[in-house]
Amino acid sequence: MCLAVPGKITEIFTTSNMKMGKVDFGGVLREVCLEAVPEVKIGDYVIVHAGFALNILSEKEAQDTLAAFRELDEIELGEEDPITNQD
Amino acid sequence: MRYLEEFRDAELVKNVLSKINHTVKHHWVIMEICGGQTHSIMQHGIDQLLPENIELVHGPGCPVCVTSLELVDKALAIASRPNVIFCSFGDMLRVPGSHGDLFSVKAAGGQVRIVYSPLDAVKIAQQNPEKEVVFFAIGFETTAPANAMSVLYAESLGLQNYSMLVSHVTVPPAMHAILGSTNNRVQGFLAAGHVCSVMGYHQYHAISQKFQIPIVVTGFEPLDLLNGILMTVELLESGTPRVQNAYSRVVSEAGNIPAQAMIKRVFQDCDRNWRGIGFIPQSGWELRPEYHFFDAEKRFEVEQIQTRESDICISGQILQGIRKPPQCPAFGNVCTPQNPLGATMVSSEGTCAAYYRYARIDMEG
Amino acid sequence: MNDVSLPNMQGPVCPLPVKSYDHIVMGHGSGGKMTHDLIQQYFVPNFANSALLAGNDFAQITSQQSGKIVVSTDAHIVSPLFFPGGDIGRLAVSGTVNDLAMSGGIPLGLTASFILEEGLPISTLEKIIVSMAATAQEAGVPIVAGDTKVVEKGKADGIFISTSGVAWVPDYLNIGGACAQPGDAVIISGTLGDHGIAVLSARGELGLETAIHSDVAPLNHLIQNIVEHSKNVHVLRDPTRGGLATTLNEIAIQSQVGIILDEKSIPINPIVGATCEMLGFDPLYVANEGKVIVIVPNHEVDEVLNGMRSQKYGTNAVVIGHVESAPSGRVLLRTTIGGTRLLDVMSGEMLPRIC
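In order, the protein sequence lines correspond to chains P, B and R. 217 is the number that my numbering gives to position 57 of the first sequence; each next residue is one higher, with no gaps. 46 is the number that my numbering gives to position 19 of the second sequence; each next residue is one higher, with no gaps. 86 is the number that my numbering gives to position 58 of the third sequence; each next residue is one higher, with no gaps.
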């Protein structure tokens with residue numbers, strides 16, 4: 161139900177009283193409705209579904225999540241084949 | 028940080044898989060309720076990488092699959108009208124009604140257009156004032172804000188020729204129905220990440236308590252899915268039925284308040300028929316009376332629809348995770364993506380199509 | 029028929045001769061003076077070659093030394109007619125040149141049939157003809173015969189073009205879909221999905237803005253370079269409609285082999301990747317019009333790759349997989365995270381999804 165992809169806000173404007181923006185998904189741009197993310201700024205990343213921004217992505221949460229995954233490697237140290245612990 | 032490739036990192040995937048292998052001690056049946064998650068699992072081959080005693084079952088998380096046959100038939104009837112431009116998301120075009128699908132309506136001369144966003148359908152209405160433009164508003168909670176916005180946008184433009192055929196369904200009642208059924212095997216739930224990005228996950232505490240089952244809000248990239256599975260397994264192994272969030276970069280407990288306000292303004296709860304599963308009370312959304320002007324079911328009188336479902340299709344059991352596609356006698360022979368009998372084979376998110384397309388083949392080395 | 033002094037006759041007879049048009053009208057397809065003038069004014073000067081200028085109903089092509097003659101045909105319908113990187117004319121010439129070149133042989137000549145819709149601006153037709161001439165010139169393959177018909181407004185999408193062609197293949201080459209062998213390497217000449225995405229975004233229905241260009245191009249020179257570097261090329265095929273996945277399935281079935289791809293190695297332009305993510309497309313199923321799949325014995329890979337990378341349309345050539353004896357008739361993909369999935373043929377059209 162949920163094909164939504166992250167994209168970066170490059171422009172913000174209004175069309176017929178509706179807050180809209182231009183979002184760059186990685187070299188492909190599309191107009192997106194920003195009514196549900198009123199606090200959004202240019203440069204923010206949003207998650208977009210059917211031309212509608214659902215939320216602003218939290219960079220801090222993303223970094224924390226990835227860091228936690230990296231730490232899993234160290235937790236397994238000594239219990240696994242030494243080869244898998246090499247970077 | 029682009030929020031995509033980082034969550035497909037092969038090395039980090041190995042780490043999480045390794046942790047899962049260390050943590051799991053018993054056999055567990057875990058359901059993911061979102062079609063997008065099913066698709067991602069199959070696309071990346073994740074289910075093969077999991078240890079044998081984690082069994083993933085795929086729930087009715089595809090709004091395309093569960094849209095009732097009556098509504099599909101109504102869509103076909105409306106789309107066949109000469110003065111109508113019928114707009115739809117691409118996924119719905121091949122869903123079989125009782126007689127044919129939107130593609131066959133198009134071939135017979137009907138104007139059917141694929142749109143990426145309901146707001147594009149409103150633009151089409153603006154550009155074609157002499158035509159009736161109807162949008163097939165399917166979806167779970169994820170799509171509701173966009174669909175609601177399209178009504179508000181049409182209203183602000185003073186459009187007289189835009190309407191929606193609404194088929195919204197909501198997740199919590201479906202979870203109740205699955206967990207409450209007598210042949211339920213599901214022991215843990217991966218909640219749909221993007222549904223929760225709109226609605227939050229506060230609604231799931233009651234379900235988790237009532238059925239004593241862990242529910243983990245999960246995203247869609249390989250690392251997100253594995254993380255959701257890991258957290259679910261940890262909760263299962265420690266006997267802790269709770270709700271946790273494994274998709275924190277997008278989802279908060281309260282969800283998106285402006286989006287929820289938009290939905291409440293335009294929609295209200297209603298009963299819905301889930302194709303293949305049956306009637307689930309208060310499991311959907313319909314337009315509020317003050318927006319009935321935009322309701323295509325009211326605007327177009329569609330004659331008594333005679334629905335006719337295939338006798339051999341077992342979509343319903345598939346959608347509830349009771350059976351798997353290879354157990355269906357029609358799977359892969361009479362019923363294929365080229366010739367689907369039911370919605371779960373038509374939609375590329377449908378469990379049967381996902382199995383068929385990404386079918387497992389044992390590979391040595 | 030001496031028609032030089034007769035007025036044009038269309039519908040009710042009108043004594044006033046009508047001289048020039050901005051748009052195609054039914055009379056252009058009648059076979060009379062209007063057709064003649066259209067051909068002489070636009071087609072002949074642009075496609076100029078001795079066979080065409082001889083003015084017969086047939087074209088004579090001199091054949092080479094002994095070998096095989098191969099024939100191919102293709103019809104081209106594309107909307108919009110012009111898209112970033114190309115147009116229907118370039119597509120029509122490249123399409124048949126490439127089909128012929130997949131034999132490993134040398135294309136000798138093309139024919140081109142045009143179905144024109146009443147109302148098509150002549151300036152549009154001229155642009156397309158000029159593009160065809162330029163592409164034919166680039167390929168070094170003349171357009172030696174042609175035909176033009178006109179249909180009523182609404183019966184064609186502006187213009188349909190059908191091209192056929194003939195090529196000569198030396199006897200020692202035996203290239204075909206049934207020739208892949210276990211142990212062979214699978215090479216692709218460059219990035220996948222560019223053409224399909226360029227055309228889709230040019231249609232404007234999905235509101236996408238992207239700088240992607242179609243890869244449409246004639247590949248016969250690239251292929252000549254390949255067969256010069258390896259006399260043992262087993263398979264050459266271009267992954268057009270249905271994309272890489274569908275084309276490899278055809279080969280796997282014809283050769284009764286398994287083809288195993290490595291997802292990490294498959295070259296995809298990041299913009300094409302991003303567009304596919306947004307719409308829920310798989311780039312392995314998106315059409316290409318300027319790429320070739322090359323299946324060669326593994327020991328010849330380095331030579332072939334070096335040769336390809338020195339050519340205009342082969343700079344990003346790379347090995348993306350290999351051939352095995354099993355599973356017969358199937359294509360498998362080793363995913364970036366280490367799983368394996370089946371790559372089936374495409375069923376029906378790929379549609380943007382929300383699910």
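Positions of the beta carbon are idealized from the N, C-alpha and C atoms, including for glycine.
Within its own chain, the residues whose Cβ lies closer than 7 Å to the Cβ of Q284 of chain R, once the five positions on either side in sequence are excluded, are S356 and G357, listed in chain order. For E191 of chain P, the chain R residues whose Cβ falls inside 7 Å of its Cβ are G235, in order along the chain.
Among the residues of the region 197–230 of chain P, those with a Cβ less than 9 Å away from any Cβ of chain R are V208, H209, A210 and G211, in the order of the chain.
Below the 8 Å Cβ cutoff, chain P contributes C193, H209, A210, G211 and F212 as neighbours of A173 of chain B, in chain order.
Using a Cβ-Cβ cut-off of 8 Å, G187 of chain P is close to nothing in chain B; its nearest Cβ partner there is about 11 Å away. Less than 7 Å divides the Cβ of V278 of chain B from the Cβ of V244 of chain B. Taking a beta-carbon distance threshold of 7 Å, P109 of chain B does not count as an interface residue toward chain R.
If you draw a straight line from the Cα of D204 of chain P to the Cα of F110 of chain R, it comes to about 35 Å. Under the 7 Å criterion on CB atoms, P298 of chain R is classed as interfacial with respect to chain P. The beta-carbon separation of L252 of chain B and T50 of chain B, rounded to 16 Å, does not stay under the 8 Å limit for a contact. Taking the C-beta atoms as reference points, G137 of chain R is found no nearer than 7 Å to L201 of chain R. Between R121 of chain B and V373 of chain B a beta carbon distance of about 5 Å is seen, short of the 8 Å cut, so the two are scored as contacting. For chain R, the residues of the region 71–97 of chain B that bring a beta carbon within less than 9 Å of one of its beta carbons are H71, G72, I73, D74, Q75, L76, G88, C89, P90, V91 and C92, in chain order. Within the region 260–288 of chain B, S275, R276, V277, N283, P285 and A286 place their CB atoms closer than 7 Å to a CB of chain P, listed in sequence order.
The beta carbon of F306 of chain B sits closer than 7 Å to the beta carbons of D298 and N300 from its chain, once the five residues preceding and following it are set aside; these are given in chain order. Residues of chain R with a Cβ closer than 7 Å to the Cβ of L163 of chain P are, in chain order, G308, R381, I382 and C383. Per the coordinates, the alpha-carbon of P123 of chain B lies some 14 Å from the alpha-carbon of P90 of chain B.
In the DSSP assignment, E38 of chain B falls within the alpha helix (DSSP H) that extends over A37 to T50.
Distance check between Q93 of chain R and each of R:E166, R:A195 and R:P73 places R:A195 closest, using alpha-carbon atoms only. For the 7 Å CB-CB criterion, G246 of chain B and G220 of chain B form a contact. Proximity of I348 of chain R to chain B, defined by a Cβ-Cβ separation below 7 Å, is not satisfied. With respect to the 7 Å criterion, V193 of chain B and S235 of chain B are not classified as neighbours on the basis of their beta carbons. For A315 of chain R, not one C-beta of chain P is nearer than 7 Å to its own C-beta. Of all residues in the region 28–47 of chain B, those with a C-beta nearer than 9 Å to a C-beta of chain P are M28, R29, Y30, L31, E33, F34, D36, E38, L39, V40, K41, N42, V43, S45 and K46, reading in chain order. DSSP places Q93 of chain R in the coil class of the three-state scheme, outside both helix and strand.
Not a single C-beta of chain B is nearer than 7 Å to the C-beta of D184 of chain P. Straight-line measurement puts the Cα of A173 of chain B at about 21 Å from the Cα of N155 of chain B. Contact of D118 of chain B with chain R is assigned, a C-beta pair being separated by under 7 Å. The shortest CA-to-CA distance from H232 of chain B to any of B:Y274, B:E59, B:S275 and B:A281 is the one to B:A281. Fewer than three beta-carbon pairs drawn from the region 99–116 of chain B and the region 286–294 of chain B are found closer than 8 Å, and the two stretches are therefore not classed as touching. The Cβ atoms of D128 of chain B and R381 of chain R do not sit closer than 7 Å to each other. Measuring C-alpha to C-alpha distances from I288 of chain R to each of R:R369, R:L81 and R:A245 identifies R:R369 as the nearest. Straight-line measurement puts the Cα of A82 of chain R at about 60 Å from the Cα of H66 of chain B.
Residue burial is scored here from C-beta neighbours: Q239 of chain B has fewer than 16 other C-beta atoms within 10 angstroms and is therefore classed as exposed. Taking C-beta separations shorter than 7 Å and ignoring five residues to either side along the sequence, the partners of H241 of chain R in its chain run P112, G113, D222 and A226, following chain order.
7 Å or more divides the Cβ of A245 of chain R from the Cβ of G308 of chain R.
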